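Offset between the sequence shown (1-based) and the working numbering: plus 24. For reference, the structure is listed below as structure tokens.
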Amino acid sequence: MDTSGRTVEAPWDGPSLGHSWESAVLGPFALRQGRAPARDSEVVLDGALAGRLDAGVGDTVRLAGPDGLRPYEVSGVADPPRRLARQYAALHTSREAKRLTRSAQPVRAVGVLGKRTTDSAALRRQVEKAVTAQYGDDAGSLVVASGAGRADAEFWDVPSPAARLSSLVGTFGVLSLFVAGFVVSGTLTLAVAGRLTEIGLLRAVAATKGQIRRMIAVEVLLVTVAAALFGVPGGIGVAMLLHRMLVNGEVLPPSFALSVGPVAPWATVGLAAVVAQLAAFAAARRASRVRPVEVLRESAAPAPRLGRQRVLLGVGVLAGAGGCLGAVATGCLGAVATGRLDGGGGTTESMVLVLMIGMALLAPLVCRVAGALFLAPVTWLLPRDGALAVRNLLRQNARLAATVTPLVLALSLTGTLLCIPLITSQGAQRAERERLLADHVVSSAGPGIAPGYAERAARLPGMAAASGQLSVDGELSRADAGQDDEASVVGGSLVAVRAEAVPDLLDLGVRAGSLARLGDSSVALGDSAARGLGVTVGDRVRVNWDDGGRDTYRVAAVFSRDRDFADALLPRSSAARHAADPLDDTVLVRTAPATVTVAGRLAMRSAAATPGGLARAVS
Numbered sequence: 025m026d027t028s029g030r031t032v033e034a035p036w037d038g039p040s041l042g043h044s045w046e047s048a049v050l051g052p053f054a055l056r057q058g059r060a061p062a063r064d065s066e067v068v069l070d071g072a073l074a075g076r077l078d079a080g081v082g083d084t085v086r087l088a089g090p091d092g093l094r095p096y097e098v099s100g101v102a103d104p105p106r107r108l109a110r111q112y113a114a115l116h117t118s119r120e121a122k123r124l125t126r127s128a129q130p131v132r133a134v135g136v137l138g139k140r141t142t143d144s145a146a147l148r149r150q151v152e153k154a155v156t157a158q159y160g161d162d163a164g165s166l167v168v169a170s171g172a173g174r175a176d177a178e179f180w181d182v183p184s185p186a187a188r189l190s191s192l193v194g195t196f197g198v199l200s201l202f203v204a205g206f207v208v209s210g211t212l213t214l215a216v217a218g219r220l221t222e223i224g225l226l227r228a229v230a231a232t233k234g235q236i237r238r239m240i241a242v243e244v245l246l247v248t249v250a251a252a253l254f255g256v257p258g259g260i261g262v263a264m265l266l267h268r269m270l271v272n273g274e275v276l277p278p279s280f281a282l283s284v285g286p287v288a289p290w291a292t293v294g295l296a297a298v299v300a301q302l303a304a305f306a307a308a309r310r311a312s313r314v315r316p317v318e319v320l321r322e323s324a325a326p327a328p329r330l331g332r333q334r335v336l337l338g339v340g341v342l343a344g345a346g347g348c349l350g351a352v353a354t355g356c357l358g359a360v361a362t363g364r365l366d367g368g369g370g371t372t373e374s375m376v377l378v379l380m381i382g383m384a385l386l387a388p389l390v391c392r393v394a395g396a397l398f399l400a401p402v403t404w405l406l407p408r409d410g411a412l413a414v415r416n417l418l419r420q421n422a423r424l425a426a427t428v429t430p431l432v433l434a435l436s437l438t439g440t441l442l443c444i445p446l447i448t449s450q451g452a453q454r455a456e457r458e459r460l461l462a463d464h465v466v467s468s469a470g471p472g473i474a475p476g477y478a479e480r481a482a483r484l485p486g487m488a489a490a491s492g493q494l495s496v497d498g499e500l501s502r503a504d505a506g507q508d509d510e511a512s513v514v515g516g517s518l519v520a521v522r523a524e525a526v527p528d529l530l531d532l533g534v535r536a537g538s539l540a541r542l543g544d545s546s547v548a549l550g551d552s553a554a555r556g557l558g559v560t561v562g563d564r565v566r567v568n569w570d571d572g573g574r575d576t577y578r579v580a581a582v583f584s585r586d587r588d589f590a591d592a593l594l595p596r597s598s599a600a601r602h603a604a605d606p607l608d609d610t611v612l613v614r615t616a617p618a619t620v621t622v623a624g625r626l627a628m629r630s631a632a633a634t635p636g637g638l639a640r641a642v643s
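If you want it as structure tokens, here you go:
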């Protein structure tokens, strides 16, 4: 905590990590001020954390750990070669670091530091040989990382902004190409329609179909190259501006550098050229296939009819996408009603894109029908001029469709992308409200809630039940499954709770069994995990913990409200010792009916602040 009492969190969702001073050499952390910690009440801070806390050598800071906040005297300030940007580090004595760990998990990673003259490749081979000799057949589950892979091995659970950004950029890149294809196609259709007389004259003087298509394709290619000369530098400039805005808006960390290599510009130009050529082929196809006399006639009065194949294809696409979208919508409504909202947003967006393609195929017909309906009042208000305008517009329905379709598709796509996340979020919030029986949810404003807080809250006057929710890493499998039977393994979210408090705190929509049967040797499974494992109430499942341990439990209940919550509820008495982090994510508290008083509520909120203001209660 800083001098004002506010909790200081590591930037960009990174961790605040405590280390033993003996491991500082792996950083390597070099003392900039002060000395190494000599007593358990002393600590060395990294430069970024010391600056954020405005603390120097001799000052006292309070750090949160499994037993709440504890004061430490700053004995020194140390920095690695590169300033930490996504985490904070505090270095304790080895005895204090071991006490703060309070976990039965073995060491997750071991660092090996060679001498300056040691060949890194040879050292890696020696380490791999030593691991194989030590662990034998189990050595395949261990990874020897070097170079850039060291960060992935050490911070395996820290999300990278690059992963999130790549998914976002990929999605919007595909959507941009999709919309651009319709815009370019519409523009070329109008351009070709305006040159039908010229094309008819060329066909009349023996120009072939291929020559007409090549003429339009070459013209489009020249326009694409000219646009690329201005668009690529402009795009790089926009990317630099967007990167600066995202960094200033704290969406991206300052350490996330913008890299523009030779691949991205060339790939962009190539994709744009392909889209433009496809649009040019679609626009030139009909004009090149019509005979010269028909082209000259159509230059004055384009035929309003659509091809039979295009109509059948458009109707088929609309029917198929409409049926799939209806099934997805029905499933989502049913899931929201039962509190089991699936992550079907991606499926819905895909179906909307297919619907857009179907509407684009039938756009001239739709424009003709819509024009007849919506422009009819014009003929009533302006009998002569209005009738001429409507008749001309309906005869030019192909050009109208080419102009309107890109705008309609862009608006519908934007509306879909904005509405689906909102609906999904509302469904998740509704499922959360239906699942909770607790009156209060205590969440952490820091790294977590001390393990003893739930027990203290349960002993307050007027409290019916309280339990912390602790995330544990592991995999579920059938107890009778072999070690190599991967089909029976489900890797999901595991939550450890006080078994006796679950029926009073959560309404999980139990489908089989009873939450009252939860105990030290039983587990409650979500529907998805139970189906994946092929087990039901009374069967036995095995949990393969990430620390290498194994425990076997009997299934006491199967519940339906497992989405965005947990695949399995495990007894805290046996699961907590396998947690890498002993701090609770949240604490659920329920007051006894008709017995809670204002003093009791205030006492609970006061207890929430006991770990140094790190927790807050939400009613």
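Where a beta carbon is used, it is the ideal one built from N, C-alpha and C, also for glycine. Note that the structure is a prediction, hence the values are computed from the model and not measured.
Exercise. His43 to Leu379, Cα distance in whole Å?
Worked result: Per the coordinates, the alpha-carbon of His43 lies some 55 angstroms from the alpha-carbon of Leu379.
For this session: Could you please give the first and the last residue of the uninterrupted beta strand (DSSP E) stretch that includes Arg564?
Result: 564-569
Exercise. Can you give the Cα-Cα distance for Val299 and Asp70, rounded to whole angstroms?
Worked result: 51 angstroms
For this session: Have a look at Val339 and Ala297 and give me their C-alpha separation to the nearest angstrom.
Result: Their backbone Cα atoms lie some 30 angstroms apart in a straight line.
Problem set entry | Pairwise C-alpha distance: Val582 and Asp531 | 12 angstroms
For this session: Take every Cβ of the segment 425-445, pair it with every Cβ of the segment 44-53, and state whether three or more of those distances are shorter than 8 angstroms.
Result: no
Exercise. Which value, in whole angstroms, describes the spacing of the CA atoms of Ala306 and Gly205?
Worked result: Taking the straight line from one Cα to the other gives about 11 angstroms.
For this session: Classify Val561 as helix, strand or coil using the three-state DSSP reduction.
Result: When DSSP states are grouped into helix, strand and coil, Val561 belongs to the coil group.
Problem set entry | Counted within 10 angstroms of its Cβ, other Cβ atoms place Gly19 as buried (16 or more) or exposed | The structure shown has nothing for residue 19, since the chain only spans 25 to 643.
Exercise. What are the boundary residues of the alpha helix (DSSP H) that Phe254 is part of?
Worked result: 233-272
For this session: Take the Cβ of Pro257 as the centre, count every other Cβ of all protein chains shown within 10 Å, and call the residue buried at 16 or more, exposed below.
Result: exposed
For this session: Work out the CA separation of Asp544 and Val579 for me, nearest whole Å.
Result: Between Val579 and Asp544, the C-alpha separation is close to 12 angstroms.
For this session: Pick helix, strand or coil for Ser468, following the three-state DSSP scheme.
Result: strand
For this session: Taking Val155 as part of the alpha helix (DSSP H), name the residues at either end of that continuous run.
Result: Element bounds for Val155: 144-159.
Problem set entry | Asp143 versus Leu137: straight-line alpha-carbon distance, rounded | 11 angstroms
Exercise. Would you call the segment 284-293 and the segment 219-236 touching, i.e. three or more CB-CB distances under 8 angstroms?
Worked result: Contact fails: fewer than three Cβ-Cβ distances are below 8 angstroms.
Exercise. Does the beta-carbon distance from Arg110 to Ala34 come in below 8 angstroms?
Worked result: yes
Problem set entry | Of the listed residues Leu529, Pro485, Arg310, nearest to Asp463 (C-alpha basis) | If we check each option's Cα against that of Asp463, Leu529 comes out closest.
Problem set entry | C-beta contact flag for Val613 and Gly492 at 8 angstroms | no
Problem set entry | Spatial distance of Ala62 from Gly173 (CA atoms) | For the pair Ala62 and Gly173, the Cα-to-Cα distance works out to about 33 angstroms.
For this session: Pull up the CB-CB distance for Val565 and Val559, whole angstroms please, since I reckon it's below 8 angstroms.
Result: 6 angstroms
Exercise. Can you tell me the Cα-Cα spacing of Pro104 and Pro475, whole angstroms?
Worked result: 32 angstroms
For this session: Answer yes or no: the CB of Leu115 versus the heavy atoms of the ligand COA, is any distance below 7 angstroms?
Result: Among the ligands in the structure shown, none appear at all, so the ligand COA cannot be discussed.
For this session: With DSSP collapsed to three states, give me the class of Gln453.
Result: helix
For this session: Please go through the same chain and pick out, in chain order, the residues whose beta-carbon is closer than 8 angstroms to the beta-carbon of Pro95, but skip the five residues on each side of it.
Result: Residues of the same chain with a CB within less than 8 angstroms of the CB of Pro95, apart from the 5 flanking positions on each side, are Ser65, Thr84, Val85, Arg86 in chain order.
For this session: Quick one: give me the first and last residue of the beta strand (DSSP E) that Phe583 is part of.
Result: Where Phe583 is concerned, the enclosing beta strand (DSSP E) stretches over 574-583.
Exercise. Where DSSP assigns a beta bridge to Gln57, which residues make up the other side?
Worked result: Val101
For this session: Please specify which runs of the alpha helix (DSSP H), each continuous and at least 4 residues long, are wholly inside the segment 473-498, giving them in chain order.
Result: List check, alpha helix (DSSP H) in window: 477-482.
Problem set entry | Reduced DSSP secondary structure (H/G/I, E/B, other) of Ser44 | strand
For this session: Please list, in chain order, all residues of the same chain as Ala304 whose beta carbon is under 7 angstroms from its beta carbon, the five residues on each side excluded.
Result: Leu212, Ile240, Ala241, Val244
Exercise. Taking Cβ positions, are Ser517 and Ala400 nearer each other than 8 angstroms?
Worked result: no
Exercise. Short check: CB of Ala520 to CB of Leu494, under 8 angstroms?
Worked result: yes
For this session: Name the one or two DSSP bridge partners that Arg94 has.
Result: Leu87
Exercise. CB-CB under 6 angstroms to Leu424, same chain, minus the five flanking residues each way: which ones, in chain order?
Worked result: Cβ contact annotation for Leu424 (same chain, cutoff 6 angstroms, sequence separation greater than five): Cys391, in chain order.
Exercise. Can the beta-carbon of Ala72 be found closer than 8 angstroms to that of Leu115?
Worked result: No. Outside cutoff.
Problem set entry | Where the alpha helix (DSSP H) through Thr117 begins and ends | Thr117 -> no alpha helix (DSSP H), and no H or E assigned at all.
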